[in-house]
Structures are given as structure tokens and as C-alpha cells.
Amino acid sequence: MMKQEQMTVVRHKPIAKNIYELTLSGHLVEEMNAPGQFVHVKVTSQAAPLLRRPLSLCRIDQNARECTLIYRKEGIGTTLLSEKRPGETIDVLGPLGNGFPLDAVEKGQRALLVGGGIGVPPLYELAKQLVKKGVIVTSVLGFQTKEVVFYEREFAEFGETYIATVDGSHGTKGFVTDVIHERAISFDVLYACGPKPMLKALEQMFPDKEVYLSLEERMGCGIGACFACVCRVPGSETAYKKVCSDGPVFKAGEVVL
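Take the sequence shown: its position 18, counting from 1, is numbered 34 in the numbering used here, and each next residue is one higher.
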């Protein structure tokens, strides 16, 4: 159930160049259980910036009543967010959207998780819950350069993990698709989150596989009211889906990338 709460900052630190890990505590965590969902964060109590920032749930710890978000500092809003210190509170609305379907893969089957840049975080909670279910997880994570690589060790705790960087400064030089092709990685279900060109390449690479894609999109309200994040449906000039409330996770082919 979606709720709004002033959550308390527990831990907050940079983990790569302009990449921050933010852990919050509050009763809202009791409503969080689906990997791939997100929260909408108001970074300041002031009028500006007006819009909230959608941030995916990276880690959910209901026992500790804590959740972890990872974001990239790149604009006014996320710069203000990066200045928050432990003990301060942040206005959080969530959990929002539909997450990755865990029932798409059975115990003993193989899941391939593919993340690009700041699309990597929601795959961490997904990997955790799949491994707990008995699914064999392989992760392929793509970044621009070594300076912005994060959570390699954390993903490796769940299974084979490969890194690709565009400039070749860490892992395989190239893209996540190069790693998958070169290592001939086999799987039953693929889950991915990242930039649209990466998602489109994966969709085209595996037209006969079960593939679930999480879209990153700018949003206004985050609850399906403002229509700022609509995307077209294949075969129609008028039909659409909203990333915030119909997604952000869609089955491959469900929307036009």
C-alpha cells in the first residue's frame, strides 16, 4: 500500500564517482517487498525543486525497518539530496509501481540479471530474493568507466558476476551484450534495468526468451495522474502505458522502446 512518510537518514555515503548509497528507516519499509518498485523522494522541504525524484529500491530490510537507495548526483535535486546527513528526515512516497515478477522463474532455473549504470540498484534486491528462492543467478553489469562501478562484490555474493565498461578500464571492454555473447551465458528468464538502448538491444537479442525490462523515465507525480511518463504500445498510434503506474517493469514487447 502506498504511503507517505518522513523517513530518517541512517547512513549516507558516496560509493563511486557521483554515486551515493542512502539508507533510510521508517514504517514505510513494512509496505516494501517487491524488487523493482521505487519511491518518490522530495529532496527538500522548500518549494523548489518542485518535483520529487523517483529512486528505485536497492535493498529492503524489513527486520531492521530499513531500505537502501542508490542514486547519481547530477542535478539540483540530487545535489541537495547528497547533502543530507544521518538523523535528518526525507519526505518519501511509496512504494510505487510494479516490480519484477519473481514467479517467472522456478527453483533450480537460471536467471540472468543485466543492469546498466544507475539501472543496477533494483537488481540487487531482485538477486537477493531469487537466490533465497533457489534460483541460480548470473549478473552482468555495465558502466561507462571504472570510476563509476559499484556493487560488484555485493552481486558476486549471489552468483557469477561480470562487469563491462565502455572504455575497458574494468572488466570486459564494451557493452553488457558483448559479455553475454562472448561468454554464451544461458538462462531461463532475463531481467534488466538501464538505458533504453541497452534494453532495446536485449529485447532484439533474445526475441524468443522470457525477458522483463524496467524502464528509467522522468516522472511528475509518480502515481499515474500527470501522464508525463507515457510510452507507446506496439501496433497502435493511440494506446499507451504509464511507466510509473503500469511499470516500471514490462515484459519485452509490451511497450515500444
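Cβ coordinates follow ideal geometry from the N, Cα and C atoms, glycine included.
Keep in mind that this is a model prediction, so the values were computed, not measured.
Cβ shell of residue i (< 6 Å), same chain only, five flanking positions each side left out
{"i": "Ala217", "result": "Thr193"}
{"i": "Thr39", "result": "Val26, Arg27, Glu82, Thr84"}
{"i": "Leu72", "result": "According to the sequence as given, residue 72 is Ser; it is not Leu. Contacts found: Phe54, Pro137, Pro138."}
Residue i versus the options, residue with shortest Cα-Cα distance
{"i": "Ile239", "options": "Val57, Ile31, Pro211, Lys212", "result": "Val57"}
{"i": "Met18", "options": "Arg27, Asn49, Ala32", "result": "Asn49"}
{"i": "Ala120", "options": "Glu82, Glu219, Ile35, Phe266", "result": "Phe266"}
{"i": "Val26", "options": "Gln20, Glu37, Lys33", "result": "Glu37"}
{"i": "Glu90", "options": "Ile35, Gly190, Phe243", "result": "Ile35"}
{"i": "Val45", "options": "Glu82, Tyr256, Lys123", "result": "Glu82"}
{"i": "Phe54", "options": "Arg101, Gly131, Pro138", "result": "Pro138"}
{"i": "Ser230", "options": "Ser185, Lys148, Ala80, Met214", "result": "Met214"}
{"i": "Ala63", "options": "Lys29, Gly93, Leu142, Glu253", "result": "Gly93"}
Boundaries (first-last residue) of the beta strand (DSSP E) holding residue i
{"i": "Phe54", "result": "54-58"}
{"i": "Glu37", "result": "35-41"}
{"i": "Gly107", "result": "The identity of residue 107 in the sequence shown is Asp, whereas the question assumes Gly. Run containing Asp107: 105-112, per the beta strand (DSSP E) assignment."}
Contact belief for residue i with residue j at Cβ below 8 Å, rounded distance in angstroms
{"i": "Tyr207", "j": "Phe171", "result": "About 13 Å separates the two Cβ atoms, so there is no contact after all."}
{"i": "Ile106", "j": "Met23", "result": "6 Å"}
{"i": "Gln78", "j": "Leu118", "result": "That belief does not hold up - the Cβ atoms of Gln78 and Leu118 are roughly 16 Å apart, past 8 Å."}
{"i": "Val153", "j": "Ala127", "result": "5 Å"}
{"i": "Gly269", "j": "Gly113", "result": "Between Gly113 and Gly269 the Cβ distance is about 19 Å, and since that is not below 8 Å, they are no contact."}
{"i": "Arg88", "j": "Ile134", "result": "5 Å"}
Boundaries (first-last residue) of the alpha helix (DSSP H) holding residue i
{"i": "Gly93", "result": "92-98"}
{"i": "Arg169", "result": "168-172"}
{"i": "Asp194", "result": "192-198"}
{"i": "Val147", "result": "137-149"}
Sequence-distant residues of the same chain with beta carbon closer than 8 Å to residue i, five excluded per side
{"i": "Lys189", "result": "Ala180, Thr181, Val182, Asp183"}
{"i": "Glu168", "result": "Leu157, Thr177, Ile179"}
Three-state secondary structure assigned by DSSP to residue i
{"i": "Met23", "result": "strand"}
{"i": "Pro102", "result": "coil"}
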